[in-house]
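Residue numbers (our numbering), protein chains in the order written: chain V, 652 to 756; chain G, 25 to 231; chain A, 7 to 501; chain H, 7 to 635.
Every residue, glycine too, gets a C-beta built ideally from N, C-alpha and C.
All figures in this text were calculated on a predicted structure; none of them were measured in a lab.
All remarks here apply to the structure that follows.
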Amino acid sequence: MPFNSQTVLIVAAILFALGLVGVLTRKNIIFILISVEIMLNAAGLAFVAAGMRWGQPDGQIMFLFVLAMAAAEVSVGLALVLQAHHQYRSLDIDQMKALKDEVPG
Amino acid sequence: MPVLFYIASVVAIISTLMVITRYQPIHALLYLVVSFLAMAMIFLSLGAPFVAILEIILYAGAIIVLLIFVVMMLNLGKDTALQERQWLQPKTWVGPSILCLVLLTELVILLFRSPEVPMQVKPVPMRAVSIALYKEYVIAVELAGFLLMAGIVGAAHISKHRKKHLHRFLQEEAKGPQRRAEKLTMIREKESTEAVLPAEKKPVKKT
Amino acid sequence: MILVVMISILLVAGFFCWLLAQWNVSMVKWISLSAVAIDFLLTCFILWQHSVTPLLNSPAWLVEYRADWIPSFGISFHLAADGLSLLLLLLCFFLGLLAVACSWNEIHQRTGFYYFNLLWTLAGIAGVFVALDLFLFYFFWEVMLVPMYFLIAIWGDNNRRYAAYKFFIFTQAGGLLMLLAILALYFIHGAQTGTYSYDYFSLLSTTLSPTASRWIMMGFLLAFVIKLPAVPFHNWLPDAHSEAPTAGSLILAGLLLKTGAYGIIRFVVPLFPQAAAAIAGWAMLFGVIGIVYGALMAFAQTDIKRLIAYTSVSHMGFVLLGIFSFREIALQGVVMQMITHGISTGALFLLAGMLKERLHTRDIAQMGGLWTSMPAMGGMALVFVMASLGLPLLGNFIGEFLVLLGAFPANGPLAIIATLGFVFSALYSLRLMQRVFLGPLTIETPLRDLNARELATMIALVISIVLLGIYPQPVLDLVRPTVMQLVEGASVATR
Amino acid sequence: MNNLIALIPAFPFLGFLLLFLIGRQLPKPFIAWIGAGTVCAAAVLVLLLGIQFLQAPPADGAYTQTLWQWLSTGHFSCAFRFRIDALSLVFVFVITFVGALIHLYSVAFMKEDRDYARFFASMNLFVFAMLVLVMADNLLLLYLGWEGVGLCSYLLIGFWYETPANCRAANKAFYITRIGDTAMAIGLFLLFKELGTLTIPDILNASPTHFQQGASNTTLIALLLLAGGMGKSAQLPLQTWLPDAMAGPSPVSALIHAATMVTAGVYLIARMHVVFQLSPLAMAATAVVGGLTLLVAGFSAMVQTDIKRILAYSTISQIGYMFLALGVGAWSAAIFHFFTHAFFKALLFLAAGVVIESLHHEHNIFRMGGLKNRLPLVFKTFLAGAAALAALPFVSSGFYSKDQILWYTWSAGGGSPVLWMLGISGALITAFYTARLVIVVFYGEMKTPVSTYPAKLMTVPLVILAVLSVVAGFVEWPHNILHLSLFSELVQKVLPATILRTGIPSEIVFQGIAILLTLTGIYSGYYLYYRNTHVIGQWQQKPAFVAVRNFFFSGWGFDRLYNTVFVKPFVWMTDLNKTDFFDQINKGLASGSRQLNRWFSYSQNGSLRWYVAGVLVGVLFILTLQLFV
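Set out below in structure tokens:
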């Protein structure tokens, strides 16, 4: 397999898909957060790869922003996890359905 | 370099696969570290050493540590693993996996439509990255700063409250002062009547 | 300028009512009464001014005011009144006075906000009657709609939320169609002439392709027939009328419906003469259906306000029939019908409100024999019931007769069916009279007959309806230039 | 004098206004003065006017006075203009004169009533409206009066409104006449469309040149006007309201439902005679309607037991004679019969009112009887009226007018033996039921004691009317007896003279037959109800007789027919759609969108996984689009 930009992007796509599977299948919020991290990371890889394809620094800068965002996301997300654990005594995502719409009668 | 890249990619993919299939949170996190390290290798092989180092420091270092802290704090151990084991039956994961597979296939097909361009690995120096960062993207950097700040404050705020609080919109409507006063007197009356009753019927706890 | 003053008096007085209600409620009533009274006198003054000079020779537009509003979009603050507008303004302020008077003791909660809404609705209606910039027209159209919504939704009867929503959705749907039509006209006109303007007179000169003209006209027409209302868009009316407070019903029946008719006369026919002529037959048909259907529905109702509401549907059918016959006599009849229907139906709603105040019900099955205890009210009711069934000597007859007389050459069979409306109107009117005032007395509790305030309002209405019945000539002369223009425009179009 | 004719309706109108506005505060004598006084003043004015008219007729045959321009728009213009010509004069005279007498009578009759002011207000308004009707210069003003009298009729039939039956009768009267009125309104529209004017003299002048003889539009207009007249004058098939209208007080029945309002149809047709003459079909229709009505109503009158209903059916029948006369072209004969009928029928109703009041509001004639000696004055006056109704030869006014009609139904231009047969059998029936009425009420043994005796104010009008019932006929004699035809000379200033056919048997033959039949009718009434009362009793054993009797009694089942054909389906239909069919459409729209909302709500299930899957599906959708585009 030649070392093309596509190859790198395919790797990123595979990682992204794996992260997505994680988000979709797991029950525990921690696992979901982890999977989100994988997806963000995969997106970052795609950025970097695209930047390197043109030999420009912009891709790396985008990766930096993704990184910052991931950090903020993880910190808020984990705070929410703690809070959820306190209130629901569980980290089961299926128990948290406060946004469910009440079907009118 | 391609060889390095391929090896790292395979490691990354396998370890990621392990992440999403583990039942124990701590195992998953350890595989995630491997995955991140492999990713750092990929970055290196692409000629982006700065990013590779950041990947290791921030992702594999800071974020993973945060996650591990939380896992330890909440004592997520066997119970969680059991729950996940019971949950992760084929019927729950086959459907989403197929969807994701379709997505992946489509992405791959789309990727192969564009002309194949061989990758010339030519490292972009850190200097260029820094100049671009503080020149063209300076506003974005500021915004990222805001974001992190907000993240920190938000995290601090959210994790501070211990009691279950409803949003004010969700609270009972029209709780005027008069009504509250009525309620208070009602409660008092109730207590006074209960005072006459035998002791074991008294409310156990008063907050 | 005087038109601007009129409208702003109402708007400002409305604000003051809202603000001052916290301190002094009775002052609020007096403020609103005097604001409407001043406007009424101003309108009388304009009419008097123009009656000194012979009306028939004066130009069609008697008062005009124009200022730039948003010049970059061609939006101007353009108000003008011809005989028709002035007449409707007079009706607007006359009924406005009665509306203020009849809510004097009826409204006890949020009085300031109530009068704010009342005055703003009146301001919106007055604005609709004089706006000659289409953007401004739409603006006033909405101004009259929203306070009316609040009037129904806050001070209405038990089922007020439903009625208010229904009223709002119906009129708003029509209003949006009209907005689309206005915009389409604006852009087509701009593309043709290069100057983008919402002004009525410049838009009059737009030449439209038949298809475009038909669609744009349908937009306007739908908005207006919903307001009118014509069957099958009349459903909001019974609910809104029956749930609204008395003054609300009065304004709805007396004025809001007239804005629909006014819109057709002022905009639909002059702007799209060919398209209007092309659908004239259908429009007349719907008018006739409205006449018959409204009458049948009115006959079946047991809720007194719903009954009166359906009579409005029936009477407004005459308006549609008359306008689209494009005959001078019929159009004069339409104007008469608008004015007299405003007065007579308004009076009936006032009476229904008084009955509700005394009996706490709107169900005519629970009434009966009220003449014995309230002969004065019975006498007044008789006058207006007779007006509603088109008894000569009272104004409504003139309107209906002229409409039919004019519509007859235009479409004989439809006019004949419409004339059968006379029979149906007798059916529902007498049923109302009999169920409420005649028969054995069913209510034991002593009832108070009309007091001085109520008597004064009713007498004012009786005098006006009788005057219109025996000497309608001033009205006819006043609107003659407008009507003539319309007829000429339509006849050019049909040729 | 020209400037005074507006005062004639103005007086009663003034009375109405005063009584309507402040009537309840006034003491009863005041009300009586206003109510009766204004009509009397009008009557005096009419007498003066009439004398002047007869002495020095105006140049163009009519007095006119314009009050103000009512309406003027386009080429339509109408004024409040009154016009009195010979025809109007006859009507105005009857209205004010009989009206004044009835008002005087009512002053005493209604003395005990709580709503004294309302009664007189309505009566005055009626006189005003009726005067406007007959004095109108244009058809719009005529229509005003036409509807006005309908309103007053409604108000007065339902005068005792606390009884639901009275209100129903009032409503029925209004509804049915309104049907006729609507037809008439359509006729007016058609006339205006054709001629461009509604002014009566203009119509009469323009019609012969504008319309063709027997053209369909002329016929249509004439038939529509006829329908209007049929409604107001209670002719077949719109006659059912009049018997029920007897629910009103007796003076009302006398004034409105006997003397004046119900003859408005006659006036209208006579007024529009030019239009009718242009349409032979409409003339024939008028005659047939009149002929059938007089028979149908006569048969019903034969079996009624309520004294006022008998008179009501006889009124329908007599107006049938007028229509018959109009239809055959005997214009002046119709008006002459109206003239005499107004006196004797008003008399009969007023006398009946006295009888009813004297017997504790007893309406059934079979519970009366023997009143001849108890109420001698009433008996004598009633007898005078009854004689006129039965057309007793030579000594009653009814004889002269009816004989003329019967003669013309054969001999006039539009006449035919069939119509004559209808008329002559009607005469027989009339004589029979009149005799029955008089004998059952006044002869035999007394069944209900007399409780009150009429006041003087009630008997004086009776006497005056009784005298008139006898002598009013003397102004017009049959030609073969005496050449005195004052009435037709007066009326023929407006109405065309009756054209006789040629080759007709001598008039004396018809007179002989008519007299013979009248006497036969009277005798058979006398025989069956006085001499041999058991004959009726024997007949009543037979079911066929009872069935026929009940059929006649119910007014030939018209009420039941209309009830099943019109009223019930109408009420059913309106009730069916009470909640408004179109509202269901809107409600359907609303519930449809609510149902959609419910369906979409299921997607809003709060599960994060579900939302993410939604996003994924969306992404897939976009990518798939990318793939295939």
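- Annotation for His84 (chain A): no alpha helix (DSSP H) segment contains it, though the beta strand (DSSP E) segment containing it runs 81 to 88.
- Put simply, the backbone Cα of Leu330 (chain H) is about 14 Å away from that of Ala303 (chain H).
- Annotation for Trp76 (chain H): the continuous beta strand (DSSP E) segment containing it runs 68 to 79.
- Contact between Ala286 (chain A) and Lys172 (chain A) is ruled out by a C-beta separation of about 30 Å, above the 8 Å threshold.
- Short of 7 Å from the beta carbon of Leu671 (chain V), and not among the five residues preceding or following it, lie these beta carbons of its own chain, in chain order: Met690.
- Taking a Cβ-Cβ cut-off of 9 Å, Val727 (chain V) has no neighbours in chain H, whose nearest Cβ is about 16 Å from it.
- When DSSP reads this structure, Tyr71 (chain A) sits in a beta bridge with A:Leu85.
- For Val153 (chain G), the C-beta contacts it makes with chain V under 8 Å involve Pro708, Gln711, Ile712, in order along the chain.
- Chain V places no beta carbon closer than 8 Å to that of Leu633 (chain H), leaving this residue out of the contacts.
- By the beta-carbon neighbour count (other beta carbons within 10 angstroms, threshold 16), Met173 (chain G) is exposed.
- The three-state reading of DSSP puts Thr188 (chain H) in helix, counting H, G and I together.
- Shown here, Asn144 (chain H) sits in a strand according to DSSP, grouped into three states.
- Only Leu671, Val674, Leu675 from the region 657 to 675 of chain V bring a Cβ to less than 9 Å from some Cβ of chain H.
- By the C-beta density criterion, Glu140 (chain G) is exposed, having fewer than 16 other C-beta atoms within 10 angstroms.
- Listed along chain H, no residue sits closer than 8 Å to Asp743 (chain V) by beta-carbon distance, the nearest being about 11 Å off.
- Interface annotation, Ala749 (chain V): in contact with chain H, CB-CB separation under 8 Å.
- The beta-carbon of Glu130 (chain G) is placed less than 8 Å from the nearest beta-carbon of chain H.
- Among the bridge pairs identified by DSSP, Leu675 (chain V) is matched with none.
- Contacts with chain G at 8 Å (Cβ-Cβ) include Val625 (chain H).
- For Trp24 (chain A), same chain residues with a beta-carbon under 8 Å away, outside a window of 5 residues either side, are Gly118, Phe119, Tyr121, Phe122 in chain order.
- Around the C-beta of Phe551 (chain H), fewer than 16 other C-beta atoms lie within 10 Å, and the residue is accordingly described as exposed.
- In this structure, Ala520 (chain H) sits near Ile430 (chain H), with a CB-CB distance shorter than 8 Å.
- Beta-bridge annotation (DSSP): Asn370 (chain H) is paired with H:Asp312.
- Taken in chain order, the whole alpha helix (DSSP H) runs of length 4 or more contained in the region 254 to 308 of chain A are 263 to 269, 279 to 284, 286 to 306.
- For the 8 Å CB-CB criterion, Gly271 (chain H) and Thr346 (chain H) do not form a contact.
- Looking only at H:Trp337, H:Phe115, H:Thr524, H:Ser422, the smallest Cα-Cα distance to Leu501 (chain H) is reached by H:Trp337.
- Judged by pairs of C-beta atoms under 8 Å, the region 102 to 119 of chain A touches the region 30 to 38 of chain A, as three or more such pairs exist.
- When secondary structure is reduced to three states using DSSP, Asn130 (chain H) falls in the helix class.
- The alpha-carbon of Ala16 (chain H) is positioned some 58 Å away from that of Ser203 (chain A).
- Across the set A:Tyr299, A:Leu210, A:Ile345, A:Ala169, the C-alpha of A:Ile345 shows the shortest separation from the C-alpha of Leu474 (chain A).
- In this structure, DSSP gives Glu482 (chain H) an extended state, which the three-state scheme calls strand.
- Under a criterion of Cβ atoms nearer than 7 Å, the residues of chain A adjacent to Ile192 (chain H) are, in order, Ile422, Thr425.
- Contacts with chain G at 8 Å (Cβ-Cβ) do not include Leu614 (chain H).
- For the 8 Å CB-CB criterion, Ala348 (chain H) and Thr440 (chain H) do not form a contact.
- Within a 10 Å sphere around the beta-carbon of Pro33 (chain H) sit fewer than 16 other beta-carbons, which makes this residue exposed.
- The bridge partners DSSP lists for Asp91 (chain H) are H:Ala68.
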